[in-house]
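Q:
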Amino acid sequence: MPADPLTTGRGNMQPYAKVPWSELPRPDDVEVQPVGGEGLYFRRRLAPLAASAFGSGIAWLGDSITRGLGATNKGDSWPGVIPGTSVAVAGDSIPTYAMLHSGGKLAKTVNAGVSGDTTAKMLARVKKDVINYNPAVCVVLGGTNDSATPVPVDDFAANITGIVTQLRAAGIVPVLCTIPTINSTAQRPVIVNYNTWLRRYCAVQGIRMLDFYALTVDPATGNLLQSTMGNTDGTHPGNIGNALLGKYAADTLAPLVGAATIPVASDNTDALNLVLDGLNYGSVTNGLAAPWGVFGSLPTGATPSVVTDPLVPGKMQQLSLSAATSGATLYKRITPTPGRRIVISGAVTKTAGAAGLQAYFNTSNQTDTYNQLLDITEAVTRGKFSTELVVPENTNSIDLKMFVQPGTTTFAVGQLTAYDLTAQAVL
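Position 413 of the sequence shown, counted from 1, bears residue number 409 in the numbering used here, the numbering being contiguous throughout.
1. Where DSSP assigns a beta bridge to Tyr327, which residues make up the other side?
2. Alpha carbon to alpha carbon, how far is Ile61 from Gln183? Give it in angstroms, no decimals.
3. Say whether the segment 255 to 262 touches the segment 91 to 106, bearing in mind that this needs 3 or more beta-carbon pairs closer than 8 Å, one atom from each stretch.
4. Which runs of the beta strand (DSSP E) fall wholly inside the segment 152 to 240 and span at least 3 residues, in chain order?
5. Buried or exposed: which applies to Arg63, given that a residue is buried once 16 or more other Cβ atoms fall within 10 Å of its Cβ?
6. In terms of residues, what are the limits of the beta strand (DSSP E) holding Asp263?
7. Have a look at Asn361, Met398 and Ile330 and flag the residue whose alpha-carbon is nearest the alpha-carbon of Val344.
8. For the alpha helix (DSSP H) containing Ser111, list its first residue and its last residue.
9. Below 9 Å between beta carbons: does that hold for Thr114 and Phe381?
10. If you reduce the DSSP assignment to three classes, tell me which class Val387 lands in.
11. If you follow the alpha helix (DSSP H) that Tyr93 is part of, which residue opens it and which one closes it?
12. Would you decide whether Asn155 is buried or exposed? Buried here means 16 or more other CB atoms lie within 10 Å of its CB.
13. Kindly indicate which residue of Gln420, Gly274, Leu252 and Pro251 has the alpha-carbon position closest to the one of Ser262.
14. For the beta strand (DSSP E) that contains Arg337, what are its first and last residues?
15. Is Val387 near Thr333, with beta carbons less than 9 Å apart?
16. For the candidate residues Pro176, Glu384, Asn235 and Asn130, whose alpha-carbon lies nearest to that of Ile338?
17. Are the CB atoms of Thr174 and Leu206 within a distance shorter than 9 Å?
18. To the nearest whole angstrom, what separates the beta carbons of Tyr228 and Gly234, a pair I think is in contact under 8 Å?
19. So what does Met438 bridge to, in DSSP terms?
20. Given a threshold of 16 other Cβ atoms within 10 Å of its Cβ, counted over all protein chains shown, does Gly342 qualify as buried or as exposed?
21. Just to confirm the assignment, what range does the beta strand (DSSP E) spanning Asp371 have?
22. Helix, strand or coil for Ile258 per DSSP?
23. Quick one, are the C-beta atoms of Tyr209 and Ile203 less than 9 Å apart?
24. Rounded to the nearest angstrom, what separates Gly335 and Asn191 at their Cα positions?
25. Give every residue of the same chain whose Cβ lies closer than 6 Å to the Cβ of Val135, excluding the five residues on either side of it in the sequence, and list them in chain order.
26. In the structure shown, what three-state DSSP assignment does Val280 receive?
27. Find the nearest neighbour of Glu389 within the set Val122, Gly379, Ala108 and Thr365, judged by alpha-carbon distance.
28. In this structure, how does DSSP classify Ala419 when only helix, strand and coil are distinguished?
29. Roughly how many angstroms separate the alpha carbons of Ser279 and Asp247, rounded to a whole number?
30. Measuring alpha carbon to alpha carbon, tell me which of Leu241, Gln313 and Leu119 ends up nearest Gly158.
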């Protein structure tokens, strides 16, 4: 049997004892809960996720489901924010859509989803792939690969408990997820067992939970809702599923925090913004607000324009493609200081179709590379994005590129912002 969450962390303390109601200690952070009419136990209250708790952003620790393996746009990015890690993904993943749908409240620090990882492997890299990024919150989703062995539920419980212990010791608020269902009659009962333990553990420990199992399971068969999840392999949500689960995560967690934490410029006089005319008030020529430029040439069916949204300060640079057989890219150039940590952020609105943003590093030693800031297929309205990175040495400039893939898509970018966190001593 797995360790009972009621006694987890109690060390050598004796099991809970029945005592008269009048003698029960009830500090503000403790609830007294009935257990089947037989007795009482103590449970930590759910602590509010204050706005300050999300000040450094949110990390996501998991396996291929967190990484977004079922998506067509993986959005892998280079170089990593912290060298030597296996993270940094900006594609059609749950973390990306949670960020976009959160109204700027869930600033994604890192996607630490690694394909094939068990909870034991996740536990082994908490320090490297989560704590080193200094997030305020970490969403933990793992167990699908454990169920394949299967890992005994008590070992699974020990791994999750170890992850939570490390996060809390580092001052990081944990959020746990139930494991999505799977089209395997052998693994499904194991996943249900893991989820039963997870629900009880979260209730007792006062940990917020995202119930991904309930959203992914066909209640009639227990299988994965493949059409709803955009799934093709019976395990990994696709683009549609990741967008759905990401929006659910945003809808659940964002109301628990206060003001938005994604830093975006709200006026065109912001002297700290490295992006010239980030709010697109520049003179418009051929649909481009100066200093936006065309990277290469525009294909037939591509139409740039400057548009307004009453809920987005300033204006938005838009690029529309109609049945285009090749993609199109617009860009702005910034000149940050090499070696500095910067944050690039903004607001985007997009219809269905593939589009995104890149930071392309122009270097003096001809080793140009890029960091994928955003690479998505599902529609989003006024989504806020944010990515932190360290400017590589030998960098002369960075081209911030908005790109639209072939087909029919409309993509608009506003409040484009780049702040030097090192210069502002915000690290």
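C-beta atoms are modelled at their ideal positions from N, C-alpha and C, and glycine is treated no differently.
No experiment lies behind these values; they were computed from the predicted model shown.
A: According to the structure data:
1. Gly289 and Lys397
2. 16 Å
3. yes
4. 169 to 173 and 204 to 206
5. buried
6. Taken as a continuous stretch (DSSP letters only), Asp263 belongs to no beta strand (DSSP E), as it is neither H nor E.
7. The option with the nearest alpha carbon to Val344 is Met398.
8. That residue, Ser111, is in no alpha helix (DSSP H); it is neither H nor E in DSSP.
9. no
10. Coil.
11. Ile90 to Leu96
12. buried
13. Gly274
14. Arg337 to Lys346
15. yes
16. Glu384
17. Contact: yes.
18. Looking at the sequence provided, one finds Thr at residue 228 rather than Tyr. Contact holds; Cβ gap of about 7 Å.
19. The structure shown does not extend to residue 438, since the chain is modelled only from -3 to 423, so the question has no answer here.
20. buried
21. Thr365 to Ile372
22. coil
23. no
24. Going by C-alpha positions, Gly335 is about 44 Å away from Asn191.
25. Trp56 and Val171
26. strand
27. Thr365
28. coil
29. 38 Å
30. Leu119
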